[in-house]
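S.K.: First the structure, which I've put down as structure tokens, then a few questions once you've had a look.
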Amino acid sequence: MKKIALYLIIIVLCLGCAKQEKNVSSTEGFFAAILVKDIENSINWYESNFNFQVKNKTENDAVGLKQANLNKDNFHVELIELNSAIDAKEEIEDYNEKTKLIGLFKLGFKVNNFDSLVRKLKHNNITFKGNIVKDPITNKKMVIVLDPDGNRIQLFEN
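This is the structure:
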């Protein structure tokens with residue numbers, strides 16, 4: 001009888017651990033923070049090209065910080081203008097555009113009206129990094145555009 005009770009306790013503990021492990025691994029994209037040179041220019045860019053809306057803005061002159069939180073649907077972008085931030089293109093002698101820096105490489109967004117958005121971005125003279133390509137597995141289109149600071153934004157046909 002003691003063995004059966006012990007086995008039952010072990011089974012209950014294992015099931016509880018498995019359930020807890022499943023809940024811990026659940027994640028969902030929420031926000032990204034981007035250092036920018038000119039916060040007002042970046043706010044305008046994300047608003048006019050991707051319909052983000054400013055939730056709030058703060059400034060702290062003592063530390064040379066301007067910050068804005070933008071959101072669209074369930075995704076948030078935090079833009080940060082920081083006087084102490086450096087631009088690798090300006091600081092690295094003989095910087096080559098093909099050089100990749102460690103850190104954030106690109107942001108990705110699913111797009112419902114891919115062709116319509118691409119036309120809008122072209123009309124707004126947004127810089128495209130490469131051409132529109134189709135993913136051979138999903139057969140969906142994708143393209144990369146650059147924000148005002150050269151950050152890559154990859155758009156995926158939904």
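If you count the sequence shown from 1, position 37 lands on 37 in our numbering, and the numbers rise without skipping.
From the three backbone atoms N, C-alpha and C, an ideal C-beta is built for every residue, glycine too.
1) List the residues that DSSP assigns as beta-bridge partners of Phe30.
2) Hey, is the region 109-124 in contact with the region 79-91, meaning 3+ C-beta pairs nearer than 8 Å?
3) Apart from the five residues on each side of it in sequence, which residues of its chain come closer than 7 Å, Cβ to Cβ, to Ser116?
4) Distance check for Gln67 and Asn158, CA to CA, integer angstroms please.
5) Taking C-beta to C-beta, are Asn44 and Lys55 nearer than 7 Å?
6) Compare the Cα-Cα distances from Gly150 to each of Val118, Ile80, Ile126 and report the closest residue.
7) Which residues mark the beginning and the end of the beta strand (DSSP E) in which Ile137 is found?
8) Could you tell me the distance, in whole angstroms, from the CA atom of Thr138 to the CA atom of Glu28?
9) Just list the alpha helix (DSSP H) runs in the region 77-119, keeping only unbroken ones of 4 residues or longer that don't cross its boundaries, in chain order.
10) Measuring only the C-alpha atoms, how far is Ala33 from Asn51?
11) Thr58 to Pro136, Cα distance in whole Å?
12) Exposed or buried, Ser84, counting other C-beta atoms within 10 Å across all chains shown (16 or more means buried)?
M.R.: In this structure, then:
1) Beta-bridge pairing links Phe30 to no other residue.
2) no
3) none
4) 31 Å
5) no
6) Ile126
7) Looking at the DSSP string, Ile137 is not in any beta strand (DSSP E), and its letter there is neither H nor E.
8) 21 Å
9) 88-91
10) 17 Å
11) 44 Å
12) exposed
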